[in-house]
Structures are given as structure tokens and as C-alpha cells.
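To start, the structure under review is shown below, and the notes come after it.
2 protein chains.
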Amino acid sequence: MPTRSRNVSSVALRLPQRAEVWLFDCGEGTQHQFLKSDFKSSQVRRIFVTHMHGDHIFGLPGFLASCGMAGTGQQQIDIYGPPELGKYLDACRRYSKTHSSYPLQVHVTEPGKVYEDDTYIVSCERLKHRIPAHGYRVVEKDQIGHFDVKKAANLGIPPGPLYGQLKRGEVVTLADGRKVNGADLCGPTIMGRKFVYCTDTVFCENAIALADQADVLIHEATFAHQDAELAYQRMHSTSTMAAQVALAAQVKQQLILTHFSPRYAPGNALELKDLLSEAQAIFPNTIMAKDFLTYDIERSGEAKQVKVSA
Amino acid sequence: MPTRSRNVSSVALRLPQRAEVWLFDCGEGTQHQFLKSDFKSSQVRRIFVTHMHGDHIFGLPGFLASCGMAGTGQQQIDIYGPPELGKYLDACRRYSKTHSSYPLQVHVTEPGKVYEDDTYIVSCERLKHRIPAHGYRVVEKDQIGHFDVKKAANLGIPPGPLYGQLKRGEVVTLADGRKVNGADLCGPTIMGRKFVYCTDTVFCENAIALADQADVLIHEATFAHQDAELAYQRMHSTSTMAAQVALAAQVKQQLILTHFSPRYAPGNALELKDLLSEAQAIFPNTIMAKDFLTYDIERSGEAKQVKVSA
Chain A
1 MPTRSRNVSS
11 VALRLPQRAE
21 VWLFDCGEGT
31 QHQFLKSDFK
41 SSQVRRIFVT
51 HMHGDHIFGL
61 PGFLASCGMA
71 GTGQQQIDIY
81 GPPELGKYLD
91 ACRRYSKTHS
101 SYPLQVHVTE
111 PGKVYEDDTY
121 IVSCERLKHR
131 IPAHGYRVVE
141 KDQIGHFDVK
151 KAANLGIPPG
161 PLYGQLKRGE
171 VVTLADGRKV
181 NGADLCGPTI
191 MGRKFVYCTD
201 TVFCENAIAL
211 ADQADVLIHE
221 ATFAHQDAEL
231 AYQRMHSTST
241 MAAQVALAAQ
251 VKQQLILTHF
261 SPRYAPGNAL
271 ELKDLLSEAQ
281 AIFPNTIMAK
291 DFLTYDIERS
301 GEAKQVKVSA
Chain B
1 MPTRSRNVSS
11 VALRLPQRAE
21 VWLFDCGEGT
31 QHQFLKSDFK
41 SSQVRRIFVT
51 HMHGDHIFGL
61 PGFLASCGMA
71 GTGQQQIDIY
81 GPPELGKYLD
91 ACRRYSKTHS
101 SYPLQVHVTE
111 PGKVYEDDTY
121 IVSCERLKHR
131 IPAHGYRVVE
141 KDQIGHFDVK
151 KAANLGIPPG
161 PLYGQLKRGE
171 VVTLADGRKV
181 NGADLCGPTI
191 MGRKFVYCTD
201 TVFCENAIAL
211 ADQADVLIHE
221 ATFAHQDAEL
231 AYQRMHSTST
241 MAAQVALAAQ
251 VKQQLILTHF
261 SPRYAPGNAL
271 ELKDLLSEAQ
281 AIFPNTIMAK
291 DFLTYDIERS
301 GEAKQVKVSA
């Protein structure tokens, strides 16, 4: 449930290269959070839903209804989630007489590849929760390194259609009979970034597999380490479970904890800062999500922004 | 849809004598507004829903789920609304696997009496909207005036069981054969207060009948007077329609306008203050709702609080 300082779950992945935002979960009040942020709901192109609990989906009907009303030319929205998600959205639309002014497509997720285009692959894995839940992994594909125009000119290769082939790393035969390997003219491969979102789940091997070598892992940490029994009962994670996942998966940049129980609010015997310390003892590069926190997943000067709501 | 400064519809009627809150509509984010207010969701005992549009109901599933989780001993909640309301709530609970920890009862409203107890009668009337919509009227029953103990003593009536009968206005025969009319020992009748909530609707006679002699009328005013054509198309009210209803119904204390189109945000050709002026020209005792506005419906020193979210 929301508190005065933290809303329920929704994370926005900003892809500035294509002016798109992808949402992960959409708890109640997500559209209100958008209004208070610099994100535009009209840029939301895909929504990935982890599971059907209310704190992850009760904001969807309102978010989708408002997208159609803003008159900002909302593009198609593709929604990915459990089999009941489509039925839930249909029921909400039917009973509330909401008519979508833009195309809306709901896809049922199965473990494995969920979505792919030229640049990204999104996959999911089954997590361990009271009801079926999926974690999501977004992988930016590796790109061939930057083409060295100067080097090509020094080899006496004239600008033109050949450049396109060389840029793609192909072997090309020049007019004078010389063979040139495009790969020799390209810089080192530009490694794609990896972003993983795991909630809700108790510690599980699938989370480690999903988070393998991720640049950034957002993982739930509902409970403190000493409340591990509660965590197993309710199938949620402790802060130390989240850190163990990050450590085992060799997360490269950052573990971001989120989805905290209100029982650790300031003034209680255990507070959120204790959950953070526990996690950092295992995985030092850990921070805590808070509403409107923005994190840049960096790579050679470029940045992809991740916005996290706790 | 919500804006940065105004949330969607929900009005809370506080009954301090019984530590209860009755809600009228429950748009998305109502539970978040509760957290920011001095209202306790655990005191919500009844929820009256006007119609099935999302901006009036999308906050219900989350509100009801959180009521059960707060561990504050939530009492029973009775919900009143259109026939589809129960099905909508069932679908949301079924798909989100929400289990209520307190009794929840859904009642289908028909024009006429909706609820009655010793102190209050709630009734509703069909309004004129794109889908079936009801306005609600809460009437506090008139009470017999305060019993004058001094006057009774002066008449030589001994304190005891007779006082109870006299307080109820009954005629009593004393031991010495005198007949005393209790009504003569009671002060003037304490008039009950009347609160009426009309949304969503275009101008209609039923709204006038429902608001008859109300102390406070909350009426929607989606559009400015010059946009009356839009109001008729979309079956919403202009500010002047709302004022005309208040005038014709002889509203006694206050008309409160709410449910404004975002098109009148500051900086536009017409602003909300223009809607207010238009209404005040017809019904001077008009104010505009804003989030967290509290209005006391006064009566001889006592107060019943009304909280209004636009």
C-alpha cells in the first residue's frame, strides 16, 4: 500500500534515442506521478507487468484512459503480462465504458523472449511469489564499433556505397582488387546495456539467471534480514536476498532496492537505512529507490534513464 | 483526468458524532489523498457511487484493498451504486487476488431511498449523463428540541422515567392527575441538515428536486457558460446550470462547484475564476472546490464536516 512518502510500484525506462518510455508495472497513482515528473505519458509505448497484485496494476485502467484523453496523439501501447491481465483490462474498460482512442494490444508473457526489435531484446523469467510473477530483462544489442573514416581514406577507399558495407563489418573487394575487412576499420564493439527488474519474489535462482551481468538490477526488498521468516511466508525478499542475487549475478553498476514494507518507516526499531546497510555489506553498489529517483545507465558518454518509484 | 493541482472525484462526508466517514465516489488516488489529509480510511463506513465512469471509480479497488491491510480493525463497508459496480469490484478482486479482511457489501441503488438509520436518510435520483448516473441526498432527521429540565422542575415533575417520555414529546399524566404535554417542555425542533451531491449531469429537473432546500449542494460544473453546446453534447453542466439548480432548489447555505475541465487552467482565455463569477451572478453563495477543501455544514453550534476533492 502507498504511504505518505512512497507510492506503489512503477518504473519508467526512458529510451531517449527514440523518444519512448517503457513502463514496468503501473500501480495506482502512476498517472499522477507522471504529472509531477518530466515524463510524458504520450511517450509510453510499452508496459511490462510483473504480476496481478493490485499494487502493480491498479493504476493501469486510469493511466490508459487518460492517455487517450490528453489529445496528444497517443501512439499504440503494447502491454505484456500474465494471461489474466487482458481480461482485467477488458473488465475495467467494459464496466467503466472507456473507449480507447489509440491502438492497445495485450500480449501474454511466457518465460523467454517477450519482445525484440533492431536495438532491444526483452525477456522474462518466472520468479517465486504467491501468484505467478515474472521478472524482466532488457538487453540493448551490441553494436559494431564506430567506422574510422580517416583510416578508410588513408587506404584510398573512396566515400560511397562501399562505406555502408564496411560499416557493417563486411569484407569488400575494391576496384583495384584489394580485399578490405570492414571489421578492421571499425572501433571496438559497443557493448549494449542491460537492465533487469525483479519483483515480487523471494530469493530464487531464476532471478540470478535473469540478472546475469546486468548493468542495473532493480530488485524488491520488502523485508529486513531478520524478518526472513516473514519473507519466506509472504514470498517476498529481504534486503540481503536482493544483494545476494546482485552478487551472484555479477551486476556491473548498481543494485536498486525498492518495494519496502511500511514497517520500516522512521521511528521503528528497524528503519530503511538498516535494510540498505545490510544489502551494502554484501553488495556495496546498492542504493534505495525513492519516488522520482532517476538513474542514468551510462555507457561511453551516452545515457539511458531509469526512473524508479518505490 | 487528474491535473497537477486537482485530483479526480471523491468527496468525504464526516459524521463526527459517530466517528464515521461516508465517501461519495472514489476516483484514482483517493487513498493517496486520505494519507495527505486528517481523515482515516478506517472510519469509512459507506461509499456512495454516482456512476461507472473511471474518474469516479478507479480508486475503489486500491482503497478497499488498503483498508484491509492497514491493520486498524476496518469495520464493515457498505457500497452503493449502479448494477455493474458489484461486478466491476468482483472482477478487480478476482484478477488481483485481493482478499478482504473485513465485511464488504455492495447495494444496487434505485431512485428513492437508499439507506436509513435513526439519524440519517440517504436517497438518490437519476441524473442526465451519457451513462446512468445518480445524485445523492443525505438528510439528517429533525430532532425534538432540548428538554427544559428547569421548566419541568417548576411544574413539580420529579426527575425519573417520566422525563424520558416527556423528552420524546409524549403527553404524560402525573400522579396528581395533571396532564402535561412533553412538547411544551421542549425547545424548538432542531432542524436536520441536508447535503446533496450531483455529478455527472447536464442541467435537469431531478437535480433541482434532489437539491430542494439543501444546506449544501455540491454540483459539477465541467464547462463555462459559453461552452454550453459542449456541455449538452457530453452531458455535463456549465457553471451557470449548476447555479440555476441551486437557485431553483433554494439551496440555503452554499453551492460548491467541482469537476472542472482542464481547459480552464490558468493562462487560457477562460479560467476557473470566470466559471465562479458566472455562477455567482446567478447564485451568490457559490464557491469552488479544491483538493482538501473542508466545509462545515453548520447548525446551532454543531458542525458536520464536508471535504471536497475537485
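Taken in order, these protein sequences are the chains called A and B.
So in this note's numbering, spot 88 of the first sequence is number 88, and the numbers just go up one at a time.
So in this note's numbering, spot 257 of the second sequence is number 257, and the numbers just go up one at a time.
All C-beta atoms in this analysis are idealised placements derived from N, C-alpha and C, irrespective of residue type, glycine included.
By the three-class DSSP mapping on this structure, what secondary structure does residue i have?
i, result
"F63/A", "helix"
"V202/B", "coil"
"E302/A", "In this prediction, E302/A has a pLDDT of 43, which is less than 50 and means its spatial position is unreliable; what the coordinates show is noted afterwards. Here E302/A sits in strand by DSSP."
"F34/B", "helix"
"C92/A", "helix"
"L185/A", "helix"
"A19/B", "coil"
"H146/B", "coil"
"E271/B", "coil"
"T294/A", "strand"
"G135/B", "strand"
"K97/B", "coil"
"T222/B", "coil"
"T3/A", "coil"
"K151/A", "helix"
"K179/A", "strand"
Classify residue i as buried or exposed, calling it buried when 16 or more other Cβ atoms lie within 10 Å of its own Cβ.
i, result
"Y102/A", "exposed"
"K194/B", "buried"
"I79/B", "buried"
"I131/A", "exposed"
"G135/B", "buried"
"R168/B", "exposed"
"T294/A", "exposed"
"N7/B", "buried"
"L217/B", "buried"
"H146/A", "exposed"
"T240/A", "buried"
"E298/B", "exposed"
"G73/B", "exposed"
"T189/B", "exposed"
"Q311/B", "Because chain B in this structure spans residues 1 to 310, residue 311/B falls outside the shown range and cannot be described."
"M1/B", "buried"
"A152/B", "buried"
State the beta-bridge partners of residue i as determined by DSSP.
i, result
"L127/B", "Beta-bridge pairing links L127/B to no other residue."
"L255/A", "L217/A and T286/A"
"D78/A", "R46/A and Q105/A"
"H51/A", "H51/A is not bridged to any residue."
"E116/B", "I121/B"
"I362/A", "Only positions 1 to 310 of chain A appear in this structure, which leaves residue 362/A out of reach."
"T238/B", "F223/B"
"Y163/B", "According to DSSP, Y163/B bridges with nothing at all."
"Y197/A", "Y136/A and I218/A"
Relative to the alpha-carbon of residue i, which residue among the options has its alpha-carbon at the smallest distance?
i, options, result
"V108/B", "K87/B, L127/B and C92/B", "K87/B"
"T3/B", "P284/B, Y264/B and R168/B", "Y264/B"
"N154/B", "I144/B, D142/B, T199/B and V180/B", "V180/B"
"L185/A", "D148/A, S96/A and V114/A", "D148/A"
"V106/B", "P83/B, H99/B and E125/B", "P83/B"
"I287/A", "R299/A, V49/A and L257/A", "L257/A"
"P111/A", "R137/A, T119/A, K36/A and R93/A", "R137/A"
"D212/B", "R18/B, S123/B, A65/B and A249/B", "A249/B"
"E170/A", "I121/A, D176/A, I144/A and G177/A", "I144/A"
"F34/B", "V202/B, G59/B, T119/B and G164/B", "G59/B"
"S5/B", "V172/B, D274/B and P262/B", "P262/B"
"A231/B", "G81/B, H51/B, P158/B and F260/B", "F260/B"
"G364/B", "F63/A, A183/A and T238/A", "Residue 364/B cannot be examined here, being either before or after the span of chain B that is shown, 1 to 310."
"D215/B", "H51/B, V251/B and V11/B", "V251/B"
"A133/B", "L104/B, D296/B and D25/B", "D25/B"
"L275/B", "Q253/B, F223/B, L255/B and V196/B", "F223/B"
"E20/A", "H32/A, F39/A, Q43/A and G27/A", "Q43/A"
"I47/B", "G71/B, L13/B and H99/B", "L13/B"
"D176/A", "E116/A, G156/A and L166/A", "G156/A"
"H53/B", "P284/A, G81/A and K97/A", "K97/A"
What in chain E is Cβ-close to residue i, meaning under 9 Å?
i, result
"F58/B", "Structure shown: chain E not included; protein chains present are A and B."
### Query
Between the stretch 125 to 138 of chain B and chain A, which residues of the former have a C-beta closer than 7 Å to a C-beta of the latter?
I131
#### Entry: Near-chain B residues of the stretch 139 to 169 of chain A (beta-carbon distance less than 8 Å), N- to C-terminal order
none
### Query
Of all the residues that make up the stretch 16 to 46 of chain B, which are near chain A by a beta-carbon distance shorter than 7 Å?
E28, G29, Q31, H32, L35 and K36
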